[in-house]
Each structure stands twice: as C-alpha cells, then as structure tokens.
DNA sequence: GTCTATACTACGATAGAC
DNA sequence: GTCTATCGTAGTATAGAC
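Residue numbers (our numbering), protein chains in the order written: chain A, 64 to 271; chain B, 64 to 271.
Structure follows, in structure tokens:
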C-alpha cells in the first residue's frame with residue numbers, strides 16, 4: 064500500500080501541487096482511506112518528502128547505466144569526451160521525451176520554481192551524480208574554458224534536454240503537432256546531438 | 064484595484080497553483096475583501112484567465128523592442144541572421160535571469176506541464192510572435208536544414224535560455240552559488256551567445 | 001495495518017448593506 | 001465598487017473500532 068500511495072501521489076502532487084493535491088483523492092486512487100497516509104507517512108508533508116525520495120531513486124536508477132557507461136574507462140581524447148557527452152545527453156533527452164519522465168518532471172519542475180527540502184533530496188540523490196560525471200567530460204572536451212565556463216556550458220547543454228520537458232507545450236506548437244510522435248522525437252534527439260558536437264568541437268584551435 | 068489583484072494573483076497562483084491559491088489571501092494582499100474578485104473577474108477561474116492575459120501582455124511588451132529590432136530590415140547574409148538570433152536569445156536570457164520573469168515564469172511553467180485555456184492565451188499573445196520572428200532567422204542562418212529541423216533547432220536554442228529559469232535551482236547548485244550574481248549572469252549570457260554562434264555557424268560548408 | 005467517525009479549519013460563492 | 005455575513009463544501013488530523 065505504501066508503494067501504491069507513492070505512485071498515486073506523484074501524479075496528484077505533480078498535477079495539482081502540494082496545496083492543490085487532495086489526500087483523500089490520493090488514497091481513493093489506491094482503494095484505501097485517507098488515514099492510511101497518516102499511518103504510513105505521518106501526514107501530507109511526510110508523503111510529499113517520501114515522493115521526492117521515491118522519484119529521486121527511480122531517476123538515479125534510470126540513469127545508472129548511462130552514467131556507468133561514460134565513467135568506466137578513462138577519457139583519452141577530446142573526441143572521446145565529446146562522444147560520451149553526446150551519449151549522455153541523448154539518454155537524457157530520451158528520458159525527457161518519455162512517458163515516465165512526464166510524471167517525474169511535473170513534480171520536479173514545480174520544485175525548481177520554489178525549492179523546498181524535497182528538492183534537496185532529489186538533487187543529492189539523482190542530479191548530483193549526473194553533474195559530477197558531466198563536468199569532468201566538459202573539462203576534457205573544452206580544456207580552454209575556465210571551470211565556471213565549463214559548468215555554465217554544461218548546464219546550457221543540459222538545458223536543451225530539460226526544455227524538451229519543461230517547454231513541451233510550446234514545443235508541440237512550434238512543431239505544429241498535437242503530440243510528439245516517434246519521428247519528431249528522433250529528429251529532436253539528432254538535432255541535440257548535432258548541437259552538442261558543434262558547441263563542444265569549437266575551441267581555441269578552431270575559433271581563435 | 065483590478066490591477067492590484069492581478070499582480071497579487073500572479074504570485075499566489077505561481078507559487079501555489081490554481082487550487083492551492085486562496086482568493087482570500089490574494090484579496091488580503093491588496094487590502095480588500097475576497098468578494099472584490101467576484102466583482103471584477105466573476106470568480107477564481109476568471110481571475111486566473113485574466114492573470115494569464117496580463118502576463119502575456121507584459122511579456123509581449125517586454126520583448127517588443129527586441130523583436131522589432133530584428134524585424135525592421137531584411138536579412139542580407141547568414142552572418143547577419145546569426146547575429147540577430149544571438150541578440151534575441153541574449154534578450155531572452157536576460158529576461159529569464161531577471162526578477163520580473165521569476166514571477167511570470169512560475170505561472171507559465173506550471174501551465175506548460177498541464178496546459179489549460181490559460182496557456183493558449185499566453186502562447187498566442189506572447190510566444191507566437193516570437194516564434195514567427197525566430198524561425199525565419201533560423202532559416203536564413205541554416206538554409207541547409209529542413210523546415211522541421213529548423214524548428215527543432217530553434218526550440219533547442221530557445222531551450223537553453225528557458226532552462227535558466229526552469230532549472231534555476233539546479234543551475235545555482237551546479238555553479239556552487241546560493242543565488243546568481245551579476246557576474247554569473249553575464250557569464251551565462253556570454254556562453255549562450257557562443258553556443259548560438261557555434262550551432263548556427265555549423266553547416267554543410269563547414270561540416271560536410 | 002486499515003478503516004470509520006468526528007472535530008476543526010479554510011475555501012469559494014453569494015446575498016445584501018453601505 | 002466595496003465590504004460583512006453566511007452558507008455549503010472540502011481539506012487535514014485524530015481517536016478509536018476492527
């Protein structure tokens with residue numbers, strides 16, 4: 064029942080926000096009574112924080128393979144670093160375009176606007192590991208940049224994938240589609256890979 | 064009073080969402096009674112839609128100058144188109160980093176996750192004009208791409224600026240800052256301009 | 001462990017005084 | 001136009017039955 068309540072709560076909190084979500088409705092979706100939430104999580108706030116950790120764990124698990132793949136062997140060349148970054152960002156874009164991410168993202172994007180303790184948990188469990196794998200690759204691809212420039216560029220690269228979810232309603236309208244189909248998703252991922260290579264391949268030797 | 068209620072409502076709806084926001088609290092911020100909302104807007108839902116139009120109008124006004132500047136003379140060369148795009152994206156990034164956008168963005172980003180009629184109004188008033196100015200410039204900068212590729216690339220470029228707001232909590236952590244200072248904002252805008260040039264300068268003649 | 005019953009609070013809508 | 005008063009509804013929390 065604990066698990067079912069968490070899954071239901073992801074959707075309710077994501078769609079309605081903390082205040083807007085109704086504990087009675089969350090419980091009803093699981094065929095149980097609202098007081099189960101009090102029992103399992105101590106109350107609405109406890110449920111909210113548990114949802115954050117639940118999402119963070121699923122997200123971390125979801126990206127585990129992609130992160131292990133890029134970390135397993137030392138980076139040899141700039142081109143190697145760039146292709147690893149392309150692979151990570153493509154995995155991230157696929158996640159952002161997928162259906163599972165929609166549920167998680169509704170919750171997370173809300174938290175980004177007005178971060179609470181829940182964001183701390185999501186960041187430390189799911190995002191920090193990705194950042195820590197990401198920045199060294201940027202450094203390897205663009206050693207000409209300062210540490211802060213590398214982090215800024217890394218975030219902006221990351222942002223392109225993030226926008227696929229955060230700005231999805233606008234994206235559909237720009238592409239003139241009701242919903243994103245498989246063809247559009249592939250196109251977006253290919254463009255993102257091209258952008259990534261263009262950004263990371265530039266440097267002092269090509270742009271003096 | 065109508066104006067005051069709208070301004071207060073931007074913050075309450077943005078922070079708490081539609082269901083979470085309390086009309087009594089919105090009215091109290093303006094030193095008036097909740098029934099003023101009934102009088103001016105017909106109810107909570109009417110207020111919400113009015114807020115959407117209010118934000119859209121302010122956003123459109125905010126970007127009017129930048130859009131006029133890029134549309135006033137015909138585009139002559141690829142380089143000309145690229146520098147116009149750099150200028151628009153820089154203006155957009157400045158907006159996203161600014162304080163006014165924080166209030167608007169809380170409202171808009173919520174709508175993007177679960178679009179309602181309010182998003183239609185924001186998109187048609189504030190975003191469509193920007194898209195319609197943006198895509199032709201991409202076409203001029205990258206005539207080698209198909210229409211759909213141009214739109215996808217345009218959105219991803221746009222997404223970097225969007226992420227400055229939508230992912231701000233993560234951005235601060237990646238940069239190791241409590242809040243973004245002026246120096247960090249300038250750095251991000253410069254990186255975005257560099258990325259924009261790298262993405263748009265690439266093409267069949269440079270990357271065969 | 002889970003549910004029922006209940007207490008309490010706060011919400012939005014509305015009618016009517018000013 | 002704005003406010004007060006009031007209504008019905010819906011929220012959380014808690015205690016106690018099973």
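Quick reminder that beta carbons are idealized off the backbone N, C-alpha and C, glycines included.
As the crow flies, the alpha-carbon of residue 191 (chain A) is around 20 Å from that of residue 229 (chain A). Here residue 155 (chain A) has 224 as same chain residues with Cβ atoms under 6 Å from its own Cβ, once five neighbours each way along the sequence are excluded.
Secondary structure at residue 244 (chain B): coil, using DSSP grouped into helix, strand and coil.
Shown here, residue 95 (chain A) sits in coil according to DSSP, grouped into three states, outside any helix or strand. When secondary structure is reduced to three states using DSSP, residue 124 (chain A) falls in the helix class.
Under the DSSP assignment, residue 192 (chain B) falls in the alpha helix (DSSP H) whose first and last residues are 191 to 204.
Burial of residue 159 (chain A) is indicated by the presence of at least 16 other C-beta atoms within 10 angstroms of its C-beta. Interface flag for residue 111 (chain B) against chain A is unset, since no Cβ pair is found closer than 8 Å. Non-local C-beta neighbours of residue 64 (chain A) in its own chain, meaning closer than 8 Å and more than five positions away in sequence, comprise 93, 95, 99 and 103, ordered along the chain. For residue 216 (chain A), the nearest beta carbon of chain B is closer than 8 Å to its own beta carbon.
Residue 231 (chain A) counts as buried, since at least 16 other C-beta atoms from the protein chains shown sit within 10 angstroms of its C-beta. DSSP, reduced to helix, strand and coil, places residue 105 (chain A) outside both helices and strands of the structure shown, so it counts as coil. In this structure, A:260 is the residue among A:218, A:185 and A:260 with its C-alpha nearest to the C-alpha of residue 150 (chain A). Below 8 Å, enough C-beta pairs join the segment 111 to 124 of chain A and the segment 65 to 84 of chain A to call them touching: three or more. Using beta-carbon distances, residue 64 (chain A) does not count as an interface residue toward chain B, since no partner is under 8 Å. Between residue 240 (chain A) and residue 108 (chain B), the alpha-carbon positions lie close to 28 Å from each other. Contact with chain B is found for residue 261 (chain A), since one of that chain's Cβ atoms lies less than 8 Å from the residue's Cβ. Straight-line measurement puts the Cα of residue 245 (chain B) at about 33 Å from the Cα of residue 140 (chain B). Residue contact with chain B for residue 87 (chain A): absent (no Cβ-Cβ distance below 8 Å to any residue of chain B).
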